Amino acid sequence: MSDTAQSGPVLAADGTPLKKSLARALRLQKTRALLLIAPLLLFVLVSFIVPIGQMLWRSVENDIVSDTLPLTVQALKTWDASAGELPDEAVYAAFARDMIVAVKAKEHTKLGTRLNYEQTGISSMFRQSGRKVGKWDPVADAPFKQKLIDVHDGWGDINTWRVIQTHARKVTPGYFLNAIDMRLTPDGATTQPEDKRILIKLFGRTLFMSLIIMGSCILLGYPIAWLLANLPMRQANILLILVLLPFWTSLLVRTSAWKVLLQSQGVINEILVWLGLITDEGRLVMINNQFGTIVAMTHILLPFMILPMYSVMQTIPQTYLRAAKSLGATNWTAFWRVYFPQTVPGIGAGSILVFILSIGYYITPEIVGGTKGVFISNRIAYHISSSLNWGLAAALGTILLAVVLLLYWCYDKIVGIDNVKLG
Amino acid sequence: MAALTPISRKPLSFVLPILAAAGALVGLFFGTANGSGLIGIVAGAVLVAGLGYAYVEVLKNEKTALWISLAVMVVLGIYLAGIPGIVLGLFFGWFFWWFTHWLFEGRYRARLLPYLTPGQVLWHYSFRVICGLIFFFLVSPLVPVIWLSFNAQDFFTFTPEMLRFDPAGYSLKHYQDFFTNGEWQRSFKNSLIIAPIATVISVSLGTLAAIGLSQSHVPFRRAIMAILISPMIVPLIISATGMFFFYSKIGNFMEGTMGLDKNLVGYFKVVLAHAVLGIPFVIITVTATLVGFDRSLTRAAANMGANPVTTFFKVQMPLILPGVISGGLFAFITSFDEVVVVLFVGSAGQKTLPWQMFTGLREQISPTILAVATILVVISIALLTTVELLRRRSERLRGMSPA
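Chains S and Z, in that order, give the protein sequences.
In terms of the working numbering, the first sequence has 107 at position 107, counting the first letter as 1, and numbering is strictly consecutive.
In terms of the working numbering, the second sequence has 1237 at position 237, counting the first letter as 1, and numbering is strictly consecutive.
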């Protein structure tokens, strides 16, 4: 106990000033909290945030040209492409030396594939030339200019060199340009030829279909949420199980269920044929198109819409509606002017959640979407596993991520990250 | 529930037209199925309205009416649709019997507020019907999957034998295939290896972090929370893309430089990736449980000489255990159900059950998928029940501790 008559700072039990002691306690508490969080934070940073960061970097990274052809890139710096003449012997010599090294390390085909994204045909040029150039000697076989042009006349084409020169820089906006149906040419960014413009359309389709899915989720989810919120607790809990059951059921189970239902020999078509509403030849095409994707994804994402709406509607007293009606409002006015505005936060939260989830969906469109009903995510997967154009995949992913983060930010503004609830 | 509103019998001029309309609607479907919609409409309307009139005016006995109704409809069902018609007949027989008396006795008003206008009553029931249809949309797609998994044929479609409820049309062979086929068993085993380990990692780290986050003074709380929740927000395809690049490098390093077994490295990568995906669920459920945790309990424990570790295991842990377990179940189901990331990060040795199903759905369509799907539905019902019970228990526990 410190003496009350004593002037100066209040002291704690151990004689240090109370302020200091409290500050120390607070610091200790903060450190303890951070120490508890630290392992997980590190884990998530290393195994999640870093990979995402690397992906972002990969969407602009372009080391391969300058790493595989260092001398050529150096030599090409002084070459003026606009003059309309082939580069001089120095460039060809540098290229031959680079190629000899690259062929030994088996890097030249990779470079060929990379440059092939920019100009079709380069890949085979590199492969064919690689076989011969690999046997050359960098000193004895000089000069190289004519020899290279003899190996493949592509080396006598100014365009080839311009492409190499254009893509020599280490950081390129090329993938992002590709992602929005443009490309980086020696003359600057231009639009892709008509037949290659698919990505903008695909982005548009992804957004459009996500909006439709979101809209149908609102339409189907609102009545359910209302019913759950207005029923007595016991009945509401039982019905809530019907909402949670599909929520807990494996995604693939639900997707396969829709495949069973929608296919041309599927349950819905069989019933319609049995009822005589359609003929056996005129079976409806409901799968492998946009309809299939929209129906299946609405079903899959509906619980994500219902749950936030339900938790908002639960807080709205039922008496408000009765009060409005007793004051003379019609049924519609009471609903539209009194009840509905209070449910808007729930609709907003659910919509953003459903929208975020649906624009990144991959599995369901892949299985029931065919070619017409796929999303941008399917294109990303295609570039990762089939065409191996990883830079473009990363650029597409980055754009998608930016959209999602923007929406997430809105979600945070409306609902708050901490208020996410499950089940 | 006691009747709120006094009910009274309704005039036949109100009941019969509605019955006729309902009968016509059902008759339309059976009519088109058997050749002529128009005959169906007329026959349905006449039949249902006639039966209704007979029940309430001639018979005046609800019990007898039920038996008559069932008998008539079943006979009709058999005549129109064969054996499966029995099910439909029983249903419609019961339904029209119930519907007739419900309307005639005015029971539909019993549970509603007395002052509702007829329009509001009509809306009330139409709204229920709409909601019923939406619930049907939510739950019914699972029914054909379960049903078809007992198909004796190797098809995704109903055979005539199945519809006739002929035992020859049913078999357990797809289940047998699942339990004996090496590929399915391997993927099932992989799932059972990967999901629990990933769950343990995310639960242990996640619980610690959640306890840290629920302290009163945490610097950068929002930023940390945002980072920890991010695996749930970032679309899976993007996480998968990022992890694909990252883990292939890590994998090469571990195989090449450290000389580890390829299979082991594969499991390591997939487990880590799945653990990250499960973390947000653990964080969210555990922090939600900790919100209601009474902090004076830990202080009381400390006061009585318990050190922090003892306090945690003896006092705090038992109380938040329901939250931890349900977070763990969420993490488990996330990993158990996950396809995209494992597709990108794993190699053939780590093929999990969802992956196998995914390839099955895309390439060789085999009804074994439906058997697996049924098993998964059963598992998810079990998990859902567990989570629900835990939630109730958690609320009870919280109710016991002084708030």
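Heads up, the beta-carbon is just placed ideally off N, CA and C, and yes, glycines get one too.
Predicted, not measured: the structure shown is a model, and the values here were computed from it.
For this session: Starting from the beta carbon of Z:ILE1320, find every residue of chain S whose beta carbon is closer than 7 Å, and list them in chain order.
Result: By one-based count along the second sequence, residue 1320 of chain Z stands at place 320. The contacting residues do not exist; Z:ILE1320 stays about 14 Å from chain S at best.
Exercise. Is any heavy atom in the ligand MN found nearer than 6 Å to the beta carbon of Z:SER1394?
Worked result: Only the bare structure without any ligand can be found here, which leaves the ligand MN out of the picture.
Problem set entry | Cβ pair Z:PRO1084, S:VAL404 closer than 7 Å | In the second sequence, the residue the question calls residue 1084 of chain Z occupies position 84. In the first sequence, the residue the question calls residue 404 of chain S occupies position 404. By the CB criterion at 7 Å, Z:PRO1084 and S:VAL404 fall outside the cutoff.
Exercise. So, are the CB atoms of Z:ALA1210 and Z:ILE1325 less than 7 Å apart?
Worked result: Within the second sequence, the letter at position 210 stands for residue 1210 of chain Z. Within the second sequence, the letter at position 325 stands for residue 1325 of chain Z. Not a contact, by the Cβ cut-off of 7 Å.
Problem set entry | Sequence-distant residues of the same chain with beta carbon closer than 7 Å to Z:LEU1329, five excluded per side | For this step, residue 1329 of chain Z is matched to residue 329 along the second sequence. Cβ within range, chain order: LEU1383, THR1386, VAL1387.
Exercise. Would you say S:PRO246 and Z:LEU1138 are within 7 Å of each other, going by their C-beta atoms?
Worked result: The sequence position of residue 246 of chain S within the first sequence is 246, counting from 1. The sequence position of residue 1138 of chain Z within the second sequence is 138, counting from 1. Yes, the Cβ-Cβ distance between S:PRO246 and Z:LEU1138 is below 7 Å.
Problem set entry | C-alpha distance - S:LYS290 paired with Z:PHE1336, whole-angstrom precision | For this step, residue 290 of chain S is matched to residue 290 along the first sequence. For this step, residue 1336 of chain Z is matched to residue 336 along the second sequence. The question names Lys, but residue 290 of chain S in the sequence shown is Gln. Roughly 28 Å separates the two Cα atoms.
For this session: Could you confirm whether any beta carbon from chain Z is found closer than 7 Å to the beta carbon of S:ILE37?
Result: Counted from its first residue, the first sequence places residue 37 of chain S at position 37. For S:ILE37, the answer is yes, since a Cβ of chain Z falls inside 7 Å of its Cβ.
For this session: Determine the burial state of S:LYS170: buried for a count of at least 16 other Cβ atoms within 10 Å of its Cβ, exposed for fewer.
Result: As a working note, residue 170 of chain S is residue 170 in the first sequence. The residue is exposed, with fewer than 16 neighbouring Cβ atoms inside 10 Å.
For this session: Would you kindly report the start and end of the unbroken beta strand (DSSP E) that includes S:THR191?
Result: For the purposes of this step, residue 191 of chain S is identified with residue 191 of the first sequence, where counting begins at 1. First-last of the beta strand (DSSP E) with S:THR191: 188-191.
For this session: Taking the CB atoms as reference points, tell me whether Z:VAL1270 and Z:GLY1251 lie closer together than 7 Å.
Result: In the second sequence, residue 1270 of chain Z corresponds to position 270, counting from 1. In the second sequence, residue 1251 of chain Z corresponds to position 251, counting from 1. No, the Cβ-Cβ distance between Z:VAL1270 and Z:GLY1251 is not below 7 Å.
For this session: Please classify Z:PRO1196: does DSSP put it in a helix, a strand, or coil?
Result: Within the second sequence, the letter at position 196 stands for residue 1196 of chain Z. Secondary structure of Z:PRO1196 (DSSP, three-state): helix.
Exercise. In its own chain, which residues sit with a C-beta less than 7 Å from the C-beta of Z:MET1001, not counting the 5 before and 5 after it?
Worked result: Working through the second sequence from its first residue, we reach residue 1001 of chain Z at position 1. Unreliable placement is indicated for Z:MET1001, whose pLDDT of 42 sits below 50; the coordinate value is still reported in the next sentence. Result list for Z:MET1001: ARG1111, in chain order.
Exercise. At a CB-CB cut-off below 8 Å, which residues of chain S make contact with Z:HIS1217?
Worked result: By 1-based counting over the second sequence, the position of residue 1217 of chain Z is 217. Among the residues of chain S, those whose CB is under 8 Å from the CB of Z:HIS1217 are LEU26, GLN29, LYS30, ALA33, following chain order.
Exercise. Is any beta-carbon of chain Z found at less than 7 Å from that of S:TYR362?
Worked result: Residue mapping note: residue 362 of chain S aligns to position 362 of the first sequence, counting from 1. It does; some Cβ of chain Z falls within 7 Å.
Problem set entry | Pick from Z:PRO1006, Z:GLY1035, Z:GLN1120, Z:GLY1052 that is closest to Z:PRO1017, judged by C-alpha positions | One-based indexing of the second sequence puts residue 1017 of chain Z at position 17. Out of Z:PRO1006, Z:GLY1035, Z:GLN1120, Z:GLY1052, Z:GLY1052 has the C-alpha closest to the C-alpha of Z:PRO1017.
Exercise. What three-state label does DSSP hand Z:ASN1151 in the structure shown?
Worked result: By 1-based counting over the second sequence, the position of residue 1151 of chain Z is 151. In the structure shown, Z:ASN1151 sits in a strand (DSSP, three-state: E or B).
Exercise. Pick from Z:LEU1290, Z:PHE1127, Z:PHE1312, Z:ILE1369: whose alpha carbon is nearest that of Z:GLU1395?
Worked result: For the purposes of this step, residue 1395 of chain Z is taken as residue 395 along the second sequence, with counting starting at 1. Here the closest residue by C-alpha is Z:LEU1290.
Exercise. Contact check, Z:HIS1217 vs S:LYS19 under 8 Å by CB: the rounded distance?
Worked result: As a working mapping, residue 1217 of chain Z is identified with position 217 in the second sequence. As a working mapping, residue 19 of chain S is identified with position 19 in the first sequence. Their Cβ separation, rounded to whole angstroms, is 16 Å, which puts Z:HIS1217 and S:LYS19 out of contact at 8 Å.
Exercise. Whose Cβ in chain S lies nearer than 8 Å to the Cβ of Z:GLY1209?
Worked result: Reading the second sequence from its first residue, position 209 is the one you call residue 1209 of chain Z. Note on residue identity: the sequence assigns Ala, not Gly, to residue 1209 of chain Z. In chain order: LEU36, ILE37, PRO39, LEU40, LEU41.
Problem set entry | Reduced DSSP secondary structure (H/G/I, E/B, other) of Z:TYR1079 | The residue given as residue 1079 of chain Z occupies position 79 in the second sequence. The answer is helix: DSSP assigns Z:TYR1079 an H, G or I state.
Problem set entry | chain S contact for Z:PRO1011 (CB, 7 Å cutoff) | Residue mapping note: residue 1011 of chain Z aligns to position 11 of the second sequence, counting from 1. Closer than 7 Å: no.
Exercise. With which residues is S:ARG183 paired in a DSSP beta bridge?
Worked result: For this step, residue 183 of chain S is matched to residue 183 along the first sequence. According to DSSP, which records beta bridges pairwise, S:ARG183 is partnered with S:THR190.
For this session: Name, please, each residue of chain S whose Cβ falls closer than 8 Å to the Cβ of Z:GLN1316.
Result: Along the second sequence, read from residue 1 onward, the residue named residue 1316 of chain Z stands at position 316. The contacting residues do not exist; Z:GLN1316 stays about 12 Å from chain S at best.
Exercise. Roughly how many whole angstroms lie between the Cα atoms of S:ASP3 and S:ASP14?
Worked result: Here residue 3 of chain S is taken as the residue at index 3 of the first sequence, counted from 1. Here residue 14 of chain S is taken as the residue at index 14 of the first sequence, counted from 1. For S:ASP3, the predicted structure reports a pLDDT of 49, less than 50, and the residue's modelled location is therefore unreliable. The matter cannot be settled from this model.
Exercise. Can you find at least 3 beta carbon pairs, one from the stretch 359-375 of chain S and one from the stretch 288-303 of chain S, that sit closer than 8 Å?
Worked result: yes
Problem set entry | Alpha carbon of Z:PHE995 to alpha carbon of Z:THR1207, nearest angstrom | Within the shown structure, residues of chain Z are numbered from 1001 to 1403, placing residue 995 of chain Z beyond reach of any answer.
Problem set entry | Meets three-Cβ-pair contact criterion under 8 Å: the stretch 1120-1131 of chain Z and the stretch 1191-1203 of chain Z | Output reads no: the stretch 1191-1203 of chain Z does not touch the stretch 1120-1131 of chain Z.
For this session: Go through its chain and collect everything with a Cβ distance to S:ALA334's Cβ below 7 Å, but skip five positions before and after it.
Result: In the first sequence, the residue the question calls residue 334 of chain S occupies position 334. Around S:ALA334: LEU321, ALA324, LYS325.
Exercise. Which residue comes first and which comes last in the alpha helix (DSSP H) that contains Z:GLY1089?
Worked result: Residue numbering aside, residue 1089 of chain Z sits at position 89 when the second sequence is read from its first letter. 1084-1104 is the extent of the alpha helix (DSSP H) around Z:GLY1089.
For this session: Give the residues from the stretch 1358-1373 of chain Z that approach chain S closer than 9 Å (Cβ to any Cβ), ordered along the chain.
Result: PHE1358, GLY1360, LEU1361, ARG1362, ILE1365, ILE1369, LEU1370, VAL1372, ALA1373
Problem set entry | Three CB pairs or more closer than 8 Å across the stretch 1171-1180 of chain Z and the stretch 1365-1374 of chain Z | yes
Exercise. If you check the beta carbons only, do S:THR293 and S:GLY373 fall under 7 Å apart?
Worked result: Taking the first sequence and counting its residues from 1, the one referred to as residue 293 of chain S is at position 293. Taking the first sequence and counting its residues from 1, the one referred to as residue 373 of chain S is at position 373. In this structure, S:THR293 places its C-beta atom within 7 Å of the C-beta atom of S:GLY373.
Exercise. Between Z:LEU1142 and the rest of its own chain, which residues show a CB-CB distance below 8 Å, the 5 nearest in sequence each way excluded?
Worked result: Working through the second sequence from its first residue, we reach residue 1142 of chain Z at position 142. Counting only Cβ-Cβ distances below 8 Å, and skipping sequence neighbours, we find VAL1377.
Problem set entry | Any chain Z beta carbon closer than 7 Å to S:TYR117 | Position 117 of the first sequence, counted from the start, is the residue given in the question as residue 117 of chain S. No, no contact with chain Z.
Exercise. According to DSSP, what are the bridge partners of Z:TYR1170?
Worked result: Numbered from its first residue, the second sequence carries residue 1170 of chain Z at position 170. Paired residues: Z:ASN1151.
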